[in-house]
Structure formats: structure tokens, C-alpha cells
Amino acid sequence: MAEASTGVSGGRLRFILSEMKPRGRWLTPFNVISIPVIIVGLVILWFRFTQGLGSVTNLSQAFPWGFWIGFDVVTGVAFAGGAYVITFVVYVMKEEKYRPIVRVTVLNGFLAYLFYAGALVLDLGRPWHIVNPIIGNSFGYNSVLFLVAWHFLLYMIAEAIEFSPAVAEWLGARKARRLLHAMTLAAVIFGITLSMLHQSGLGALFLLAKAKIHPLWYTEFIPILFFVSSIFAGLSMIIFEGTISEKVLKEYLGDKAGGHDNLVFGLAKGAAIAMFVYYFFKLLVFLHEGHWSELDTPWGWWFLVEVLGLVLLPCILYAFGARHRSLGIIKVAAVLTLIGIVVNRLNISVIAFNWQAPVHYIPSWQEIVVTLMIIFLEIWVFRWVVTRMPVYPGTNNRPAPAIDSD
Amino acid sequence: METYTYVNIFETKGLEYLLLICFLVLFIFFVRYLNAADKPS
Amino acid sequence: MDRRNFLKTAGVACAAATGARSARAQEHDTDPEEFVGVLVDTTRCIGCRSCEIGCALAHNLPVPDVQDDGALEAVRTTSETSWTVVNRFETDSGEVFVKKQCMHCWQPACTAACLTNAMAKTARGPVTWDGDKCMGCRFCMVSCPFDIPKFEYDEWNPRIQKCNLCNERLERGEKPACVASCPTDALMFGTKRELMEIARTRIYAHPERYVHQIYGEFEAGGTGWLYLSAVPFEQIGFRTDLGVTPYPEYTRDFLYAVPVVFFGMPALLYGLNLLAARTEAVRGAPNGAEHVPSPENPSTSE
Ligand code: SF4
Ligand code: SF4
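Line order of the protein sequences matches chains A, B and C. Numbering-wise (this note's numbering), the first sequence opens with residue -12 and increments by one. Numbering-wise (this note's numbering), the second sequence opens with residue 82 and increments by one. Numbering-wise (this note's numbering), the third sequence opens with residue 231 and increments by one.
Here it is in C-alpha cells:
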């Protein structure tokens, strides 16, 4: 993105400004729903920053972390896991088959971090001190959260580099593009390592909450479980998101946003294997902890719903769908998996957290509206980018201005 | 109080190794099932 | 906590656990930096709540009305406006009053959680909070096994509120305000070594009066506050399932793994990349370079 500001000759600036203008129809159903939600969300945020978190959230002394952390940050980051999986497959393993979806996946990952991990700022009581662990006047090295915060930051930079060739192409900055392109492999390798660590790090946060998380969910293996589940969470998100954009983006891109049916079978296979392994991890942890007596309680039933209904079942569906080449079944599996990830992440961070508390936390409507606002904003930016930059194969959708100032 | 009595943290290891063996066997079948689709029938 | 203190703590814990009075333990007796704490003898507490008043006065918090016994009806927790509370429990052996506040853990979960070092264990033992550093993430609240840090949800500039063992008074050489205002000696201030000796002596001298456990000796790795009781601790609002592992230990393995992964993974990934390139070349792919031209591929369209 740096090129946009440094190499600016008048022509490029004018080009960027012209690109800011919205395209397409205005009164789409999505706009009609999202615009009011965003406006209400902004009003809620105004209250949140002037009157404190208590004025809009149901957080309490017993539930310091709620929906914003449990869903936006912890779940959102798991969903963004697809970016590191796909860059691994394409750039490291050189599996060219998946190259057509690299850019859109990296873009999705980058925006997810920007918005969902960025939502962390809304939840901080004293957000102006967020620079403290970064500029180094108070490094809390001993904290897992310190690590996660740094990794978010570094990973966003790595993903920005991975995506930057598309920006350079959009701006017609050839030399910059070559330079950025040369950095891709390094950024990818760095990004995958970071991802491994912060996907598991998000789980490691809850290691310290041993006294509070229900024994069926607390285990010293939470970090590994989080990492493995982020693989199939990411793959399922790619499948799910591909299905949606195929339908929705037709208006802008014709058929180019879709047409990767063949890839989907490969992704489904990968997800099936990851879920198979994850399921056995869960079994192992359960055997090791040996909380058999907990199974026949409401918490135990809920646990079984998560593990059997939202891990084992979609795993079998993925395998069945991949073997019998059935897109329909794979889509069902993807949706079930995503629900499973939401349930799992919320269980650990909110639902089975402080499970003995007499009054349990339930998110307020304001918390949900703000979450929707963040999702909609992300989709707005995503839509803006894919309709302008060469994200999908074959959509170099405008001629670059005939200047090359760098 | 765990400071005054014996706690065996490896009680379930035997079971865990059994699970491991099951996993490896099932994994082979699972992968074979998945890959069967690739072969020309 | 630095290494020196850790070793010292370990030494204290061992010495205390075995009751041994080794020469090594002796030499710490004069060490000015030994951690301090408070011993609460619940059999001596009369529930007058003078400590609550003393604490509120010392820290500019709203002063509770202790004439109103209604406050004792329900079990209370500490809150953002009261760093300490006294609760009443009906037990097999009558009414018991228990003071509650931050335990000033030896290896606190809250300081291990804090990413800005706002929560910090001072060299003397108090665990304190620094508003210039805190970013309000509330991870300390999530991790504290005793549910102590409290957050001001209704402030635009919220603070974390919890007992600081009157760190400012300790620096002036005074006792904590609650200890100073206790009329019955239910609270006793000192180093943990001294307090452990006193506590044990009381149990030895009156074995029928106390349960033979000192809460805080080992709990969550050992705490600065110690409790004696006539009834099992579960009955007077204590969690006895916390284990004896210091909380930071639960994340230690993960934090150690981080540099290890960083040493190994990039090299491994780069190696895989080279291997993949070779495989491709052997297969006779167009070229083994990072980047295969194809009409499908926009990134090669320049
Ligand atoms: S009781 Fe909680 S707040 Fe106090 S030192 Fe221990 S972990 Fe920290
Ligand atoms: S809320 Fe403040 S004191 Fe607590 S962990 Fe976060 S930064 Fe540290």
C-alpha cells in the first residue's frame, strides 16, 4: 500500500480518487440491511467510549470477556486460518492447482485480522495504552496475550505483503510489484510460523483460566486443539465464502468469482483429514482427563453435541462429499463445521467459562449489533477491493493508468 | 489435598496407547476411502 | 518475579514444607526483601468489619456502613469500590467470619497474564496495579483463580481495582491498614516464614480448635495471605480445588515452545519449498521457479 502514497504522481492520485466512487446498484438488499446496522453500531460505540463498557455490554466482574472477545476475536481469527493453509499449499508446496484462490483467501485473511482482531480495541478499557506492549515501555513478555498481540501485528504485515502485488498491479506500479513479489515467499514462511503460534496462542490464553473453565473443555492441550481446528475452520470458510461470492459477486464479476468446483473437492479432503485428526485429539484429551461422570450432565450433553454433532458428523460428510463428488454435501459439511468452530470457541471463552456462576453472561443486543457492524464493514471493504483489484483470476478489471513513476 | 497423597498422572496411558493404535488403523482406512475417488474406476 | 526471588521462594517453600530449619533457610531470616503477607485466624474474627473501614479510608474508597448488618446476609465478593469484604458463614461450629481480598500469590496468575506489566509483583510481596500501563484487557480478571481484580465497567477511563497490600504504607514502614485497624489480632502482618511458624504453633497448641491445614501454604503455588480455620475451608467460601501448581506454570510450556517453533518452522518450510521445487523439476514442469505462468494466473500477466 505504501506505493499508493509515495509514488504518487497526479495521475495516480486522480486514479485512486476515481476508484473510491461506488460502483453498481445502490439499493441492493445487502446495502439496505448493512447501512442502518452500521449507523446504529456507531451510535452504540459512542456510548461505549463515553460511558464505559458497562453501558452497552452485559459484561460483569464474573464475565470479563464476552461476545466481542469470544466471537469477534477468538472465532474470527480461527476463520481467517484459511490464508496460512492456502499460502502453505501454493507457495511452499507449489500446488499450482490452488493458485486461483490464493489472492482472495489472503485478502479475506488480512481483512479478517484487520476487522475482527481489530475489534479487540473496542473491548479494551484503556485502548490508548495499547501501544504500551509494542513500543516497549512495558513489555509483558511473560504474558501469552503479549505474544498474541505482537503476532497479530506482525501477521497483518506479512499478509499485507502477500497481497501487495495485487495492489501494485491495480496501480500499475510494475517495479514495486516485482519487488513485492520477490518478498512473497519470505512473507509466506514467516506468516505460516506466526499463524501456528497465534492460533494456538489464542487457546493458550485460556490455560490460565484453569479454575474457571468446565473440566470437559479445560485441558493443557487447548493450544494444539486450537491450532488443528484452525486448519479446517479456515478451509471450511474458504468453501463457504466461495459459495457466497459466486452468487453475490456475479453482478460485478460475471462468473469469474466462482468456477472452482474442482478445487472444492481438494479442500474438502484436506478438511476431512484435519477433522479426523482433531476428533481423535479430542478423544485422547477426554480419555486422559477421564471425566466420565461429567458426560451425563447437561454440560456433558452439550459437549457431545459439539464433538459428535459438529466435528465427527461434518468430518464424515466431508469425506462422503469428496468421495462422491457432491458439492451439496460438502457445503452442508462446511456450514456445520463453521457452526462447530463457533460453538467450540464460545464454549471455551464464554459458555463453559465460569460455568458455576449463578448468573451467566448472555450478550446484549448492542454487543451483537456491533459485531454485525464489524462483519458488514469488512464485507464492504472486501467488495470494494475485489471489484477493483485483480483478486480473482482473469479479472484485471481495468486498464492500469499508463504511468510508471517508480 | 494433593500434597499429602499419591497422585498418578499416568493412570490412563494404557488406554491412550490403545486409542493411538485404533487411530492409526482407522486413519489408513479413512485415507484409502478418501483417495478412492481419485482412481479411475 | 526474578530468578533470585524464585529460588528464594522455592527455598522458603521447601523449608516450610518440611519444617526443617536448615542453615540456608536461616540466613534468609534477616533478608529485608523476603515476601510479606498476613495471617488471618478466622477463629478470632468477630465480624466487626473495622478492616473494611480501614481499607476504604486508606484508599479513598466509599466507606461502608458497618452498623448495617444486612450487608452480611449474603456472601459478598470484593468489588470495584471495596477491595476487601468480610463474609459471615453458618457452619457446623457456629458463625464464622472470613475476610476476603487479594491473596498476593507467590507466583500470581494476574501478573503472568498482564501484557503491559501493569500488574506486578513487587520485591516485598504486594501485587500492585499501575494505571499508566494497563490497557484494560481484563486478562488478569480471566486468569485470577480467586476472582479478585475488578473492573470499573461504568467509567470511560476504567481502572482495575484490587487490594495492593497497602504497598504505599509498607514503603513507609507501616502495616497494612486492615491489619492496623483490627481490634482482635485476627489479622497478623509479617513475613510468610514467621506467619507459618505462628500458624503451625497455634495448630500444635490447640489441635482441637483448628482444622490441620493452613490455607495459602500451597494453594495455587502458595499465597501471601494465610488462613486458619475451625471448620473445613470449603464451608467458609474457599476453593479447595485449585491445586498446588503456581498458575504461571500452566503457560510456561507454551511460552517456551514459541522460540523453538520459530527456530524450526521457517527452516522446515523453506526446506519443503526447495523439495517441492525439485519434485516439480523432476516431473518436467515448465520450470521450477516460484511462479508458473498460466493464462489463469493474473499475477503473471505483466
Ligand atoms: S489473588 Fe488474584 S489478583 Fe491477587 S495476586 Fe493472586 S492472582 Fe493476582
Ligand atoms: S487489564 Fe490491565 S492489569 Fe489487567 S492484564 Fe490487562 S493490562 Fe494488565
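In this text, a Cβ means the ideal position worked out from N, Cα and C, and glycines have one as well. Since the model is a prediction, treat every value here as computed from it, not as a measurement.
| task | Have a look at LYS363(C), ASP362(C), ASP384(C) and flag the residue whose alpha-carbon is nearest the alpha-carbon of THR37(A). | result | Numbered from 1 along the first sequence, position 50 holds the residue referred to as residue 37(A). Minimum Cα distance to THR37(A) is reached at ASP384(C).
Minimum Cβ-Cβ distance from ASN18(A) to chain C less than 8 Å: Indexing the first sequence from 1 puts residue 18(A) at position 31. By this cut-off, ASN18(A) is not an interface position.
Which bits of chain A does GLU510(C) rub up against, with CB to CB less than 7 Å?
-> Here residue 510(C) is taken as the residue at index 280 of the third sequence, counted from 1. Per Cβ cutoff of 7 Å: LYS81.
| Cβ of TRP359(C) versus every heavy atom of ligand 2: is any distance shorter than 7 Å? | To locate residue 359(C), count along the third sequence from 1; it is residue 129. TRP359(C): yes, Cβ under 7 Å from ligand 2.
Item to complete: Specify the secondary structure class of VAL88(B) as computed by DSSP and reduced to three states.
Response: Residue 88(B) sits at position 7 when you count from the first residue of the second sequence. VAL88(B) falls in the coil class under three-state DSSP.
VAL322(A) to ALA106(A) span [Cα, whole Å]
As a working mapping, residue 322(A) is identified with position 335 in the first sequence. As a working mapping, residue 106(A) is identified with position 119 in the first sequence. VAL322(A) and ALA106(A): Cα-Cα distance of roughly 24 Å.
*Distance, Cα to Cα, MET333(C) vs ARG368(C)?*
As a working mapping, residue 333(C) is identified with position 103 in the third sequence. As a working mapping, residue 368(C) is identified with position 138 in the third sequence. If I take the Cα positions, the gap works out to 18 Å.
For this session: Quick one: grab the DSSP three-state call for VAL378(A).
Result: Taking the first residue of the first sequence as position 1, residue 378(A) is located at position 391. VAL378(A) falls in the coil class under three-state DSSP.
Review point. Hey, quick one: how far does the alpha helix (DSSP H) through ASP110(A) stretch, first residue to last?
Key: Residue 110(A) sits at position 123 when you count from the first residue of the first sequence. Note, ASP110(A): alpha helix (DSSP H), 107 to 110.
| If you scan the region 54 to 128 of chain A from start to end, which runs of the alpha helix (DSSP H) of 4 or more residues do you find wholly inside it? | 63 to 66, 69 to 74, 89 to 99, 107 to 110, 119 to 122
**Prompt:** Of all the alpha helix (DSSP H) runs that stay within the bounds of the region 164 to 229 of chain A, which reach a length of 4 or more residues?
**Reply:** 171 to 191
In whole angstroms, what is the alpha-carbon distance linking GLN256(C) and ASN331(A)?
-> Against the third sequence, residue 256(C) aligns to sequence position 26. Against the first sequence, residue 331(A) aligns to sequence position 344. Any reading at GLN256(C) needs caution, since the residue's pLDDT is 44, under 50, leaving its predicted position unreliable; the model's value is listed next. Taking the straight line from one Cα to the other gives about 52 Å.
Within this structure, are the beta carbons of ALA196(A) and VAL372(C) separated by less than 8 Å? In the first sequence, counting from the first residue as 1, residue 196(A) sits at position 209. In the third sequence, counting from the first residue as 1, residue 372(C) sits at position 142. Yes, the pair counts as a contact, with Cβ atoms nearer than the cut-off.
What residue range does the beta strand (DSSP E) around ALA350(C) cover? Here residue 350(C) corresponds to residue number 120 of the third sequence, with the count starting at 1. Where ALA350(C) is concerned, the enclosing beta strand (DSSP E) stretches over 349 to 351.
Check whether the Cβ of ILE390(C) sits closer than 7 Å to any heavy atom of ligand 2, and report yes or no.
-> In the third sequence, counting from the first residue as 1, residue 390(C) sits at position 160. Checking every heavy atom of ligand 2 against the Cβ of ILE390(C), one is found closer than 7 Å.
Three or more C-beta pairs below 8 Å linking the region 279 to 294 of chain C and the region 400 to 416 of chain C: yes
Check: When the Cα of CYS396(C) is compared with those of VAL512(C), ASN290(C), VAL270(C), which residue comes out closest?
Finding: As a first step, residue 396(C) must be located in the third sequence, where it is residue number 166. Closest option to CYS396(C), Cα to Cα, is ASN290(C).
Check your understanding: Given that TYR500(C) touches chain A, what residues does it touch there, using C-beta distances under 7 Å?
Key -> To locate residue 500(C), count along the third sequence from 1; it is residue 270. In chain order: ILE176.
At a threshold of 7 Å, does GLY41(A) count as lining ligand 2 (C-beta to nearest heavy atom)? As a working note, residue 41(A) is residue 54 in the first sequence. It does not: the Cβ of GLY41(A) is nowhere closer than 7 Å to a heavy atom of ligand 2.
Hey, how far is the Cα of TRP371(A) from the Cα of TYR379(A)? As a working note, residue 371(A) is residue 384 in the first sequence. As a working note, residue 379(A) is residue 392 in the first sequence. TRP371(A) and TYR379(A): Cα-Cα distance of roughly 13 Å.
ask   = At a Cβ threshold of 8 Å, is PRO496(C) touching chain A?
value = Along the third sequence, one-based indexing puts residue 496(C) at 266. PRO496(C) counts as touching chain A.
Q) Secondary structure at PRO528(C), three-state DSSP: helix, strand or coil? A) Sequence index remark: in the third sequence, residue 528(C) carries index 298 (1-based). Confidence at PRO528(C) is low in this model, with a pLDDT of 41, below 50, so its placement is unreliable and the value that follows should be read with caution. It is helical.
Report task. Could you pull out every residue in the same chain whose Cβ sits closer than 6 Å to the Cβ of ALA255(A), ignoring the five residues on either side in sequence? Result -> Counting from 1 along the first sequence, the entry for residue 255(A) is found at position 268. Contacts found: TYR305, GLY308, ALA309, ILE317.
is_contact[THR(-7)(A), chain C] using C-beta, thresh 8 Å: Here residue -7(A) refers to the residue found at position 6 when the first sequence is read from its first residue. Residue placement at THR(-7)(A) is poorly supported in this model, since its pLDDT is 47, which falls under 50; the coordinates are not used for a value here.
Spatially closest choice to GLN353(A) from VAL19(A), PHE2(A), PHE54(A), by CA coordinates:
Indexing the first sequence from 1 puts residue 353(A) at position 366. With distances taken between Cα atoms, GLN353(A) lies closest to PHE54(A).
inquiry  = Give me, in chain order, the residues of the same chain whose beta-carbon lies closer than 6 Å to that of MET349(C); leave out the 5 immediate sequence neighbours on both sides.
reply    = In the third sequence, counting from the first residue as 1, residue 349(C) sits at position 119. The residues are CYS340, THR341, TRP359, CYS370.
Based on Cα-Cα distance, which residue from ASP248(A), TYR100(A), LEU282(A), GLY41(A) lies nearest to ASN387(C)?
Residue numbering aside, residue 387(C) sits at position 157 when the third sequence is read from its first letter. Among ASP248(A), TYR100(A), LEU282(A), GLY41(A), the Cα nearest to that of ASN387(C) is on GLY41(A).
**OP:** Mind checking the region 306 to 322 of chain A against chain B and listing, in chain order, the residues whose C-beta falls within less than 7 Å of any C-beta there?
**Re:** ALA306, ALA309, ARG310, ARG312
query = So, is MET262(A) buried or exposed, given that buried needs 16 or more other C-beta atoms within 10 angstroms?
reply = Numbered from its first residue, the first sequence carries residue 262(A) at position 275. Result: buried.
Near-chain A residues of the region 459 to 482 of chain C - C-beta to any C-beta below 9 Å: ARG469, ASP471, LEU472, GLY473, THR475, TYR477, PRO478, TYR480, THR481
Looking only at C-alpha atoms, which of ILE428(C), VAL305(C), ASP322(C) sits nearest to VAL316(C)?
Within the third sequence, the letter at position 86 stands for residue 316(C). The shortest C-alpha separation from VAL316(C) is found at VAL305(C).
| said: Excluding the 5 residues flanking VAL76(A) on each side, which residues of the same chain have their C-beta closer than 7 Å to its C-beta? | reply: As a working note, residue 76(A) is residue 89 in the first sequence. GLU82, TYR85.
Report task. Would you check whether ligand 1 has a heavy atom nearer than 7 Å to the C-beta of PRO406(C)? Result -> Here residue 406(C) corresponds to residue number 176 of the third sequence, with the count starting at 1. No.
Comparing the C-beta of HIS116(A) with each C-beta of chain C, is any distance below 8 Å?
The residue given as residue 116(A) occupies position 129 in the first sequence. Taking Cβ atoms only, chain C reaches closer than 8 Å to HIS116(A), which makes this a yes.
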